[in-house]
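Scroll down for the structure; my scribbles are underneath it.
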Amino acid sequence: MLIKSVFFYIVISMEAFIFCFVGEYLSSKSQKIGDAAYESLWYQLNPNQNRDILIMIIRSQKHLTLTVGKVMDLSLKQFASIVKVSASYVSVLHAMY
Numbered sequence: 001m002l003i004k005s006v007f008f009y010i011v012i013s014m015e016a017f018i019f020c021f022v023g024e025y026l027s028s029k030s031q032k033i034g035d036a037a038y039e040s041l042w043y044q045l046n047p048n049q050n051r052d053i054l055i056m057i058i059r060s061q062k063h064l065t066l067t068v069g070k071v072m073d074l075s076l077k078q079f080a081s082i083v084k085v086s087a088s089y090v091s092v093l094h095a096m097y
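Using my numbering, the letters of the sequence shown map in sequence onto residues 1 to 97.
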């Protein structure tokens, strides 16, 4: 029973890590979109293309994140928090039984 529980805990933790890692990766890449657009040669483009670059920069100011039911963002910081809380729950349950 204990081995099944530990295996289940490891599998669920790995799944949570994958989701949190993807959320962190998406967030970091979305921050770089505006920087890349600004560092392009936008001043050499025609006004219509400049407007498109400006819209891209403005839209990139809002960071993309994965959320859990719009309650919390998935990031590596949240994963660390999830692991700490779940470890404390496991230790309490282990102490009770």
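Ideal Cβ positions, reconstructed from N, Cα and C, are used throughout, including at glycine.
For residue i, the residue or residues it bridges with in DSSP
i	result
residue 68	72
Identity of the residue in the options nearest residue i by Cα
i	options	result
residue 9	41, 34 and 89	89
residue 21	65, 45 and 6	65
residue 74	38, 2, 25 and 52	25
Terminal residues of the alpha helix (DSSP H) in which residue i lies
i	result
residue 49	47-59
residue 26	2-38
Nearest-angstrom Cα separation, counted from residue j out to residue i
i	j	result
residue 94	residue 11	19 Å
residue 34	residue 67	22 Å
residue 50	residue 41	10 Å
residue 87	residue 96	14 Å
- Message: Taking 8 Å as the cut-off, does the stretch 59-69 touch the stretch 28-41 (at least 3 CB pairs, one atom from each stretch)?
- Response: With contact defined as three or more Cβ pairs closer than 8 Å, the stretch 28-41 and the stretch 59-69 are in contact.
- Item | Validate contact between the stretch 11-29 and the stretch 79-87 using beta carbons, cut 8 Å, 3 pairs | Touching, per the Cβ criterion.
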